[in-house]
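In this text, residue positions in the sequence shown follow my numbering: the first is 820, and each later residue adds one. Where is the CB? At the ideal position from N, CA and C, for every residue including glycine. A quick note: this is a predicted structure, and the numbers were derived from the prediction, not measured. Here's the structure we're looking at; comments come further down.
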Amino acid sequence: MRGGGRRAQEKTHETRYIHSLLQQVLTALASPPARTGILGFAQGVATAARCATLGNAGGELLIAWGGMLPGEIGPEGLRTRMVRFVAGTADTYLDQDAMRVQAAGLAAQGVRVEVNSFQGGHLIAAATLLESASPVRW
């Protein structure tokens, strides 16, 4: 993780903690899923992106819902997975033009990217979530 100091240490600790939780959940399942993904909503997109790129917690799919990837995340850790940006058409918290620019930049660097939208604001829409997370679409 780029940068130093206390905040960088906190981000690393948070990412390791989430990896640990994921391993506990997968171990507890009688039949672990063949594929896994991670979703971050709003500011949580940054944490989800870190988890996806700093180990195996992200699996094959990273859903960035109503947020953007942090600047420290480059295409290197994303090329092995699908990155799906999702946002409501009336989301007033997200700069959708900036999101599209980020998505296009990642695609130009070899990352599989999709940008999806739904009618609504800064929220997780159940039907769109089910469609976005469907393993058939990875």
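| Item | Value |
| --- | --- |
| Exposure of Gly859, with buried meaning 16 or more beta-carbon neighbours within 10 Å | buried |
| For Gly863, the three-state DSSP class (helix, strand or coil) | helix |
| Residue from Gly856, Gly886, Leu880 with nearest C-alpha to Val864 | Gly886 |
| Exposure of Gln842, with buried meaning 16 or more beta-carbon neighbours within 10 Å | exposed |
| Cut-off 6 angstroms between Cβ atoms - residues of its own chain near Gln921, not counting five sequence neighbours on either side | Met887 |
| DSSP three-state assignment for Arg931, whether helix, strand or coil | strand |
| Residue interval of the alpha helix (DSSP H) (run including Ala827) | 824 to 847 |
| Delimiting residues of the beta strand (DSSP E) encompassing Ala906 | 901 to 907 |
| Nearest neighbour of Ala827, chosen from Trp884, Thr911, Leu840, Pro889 [CA to CA] | Pro889 |
| Span of the alpha helix (DSSP H) around Leu948 | 945 to 952 |
| Nonlocal neighbours in the same chain, by C-beta distance under 6 angstroms from Met918, ignoring five residues either side | Met887, Phe904 |
| Residue range of the beta strand (DSSP E) that includes Leu880 | 880 to 884 |
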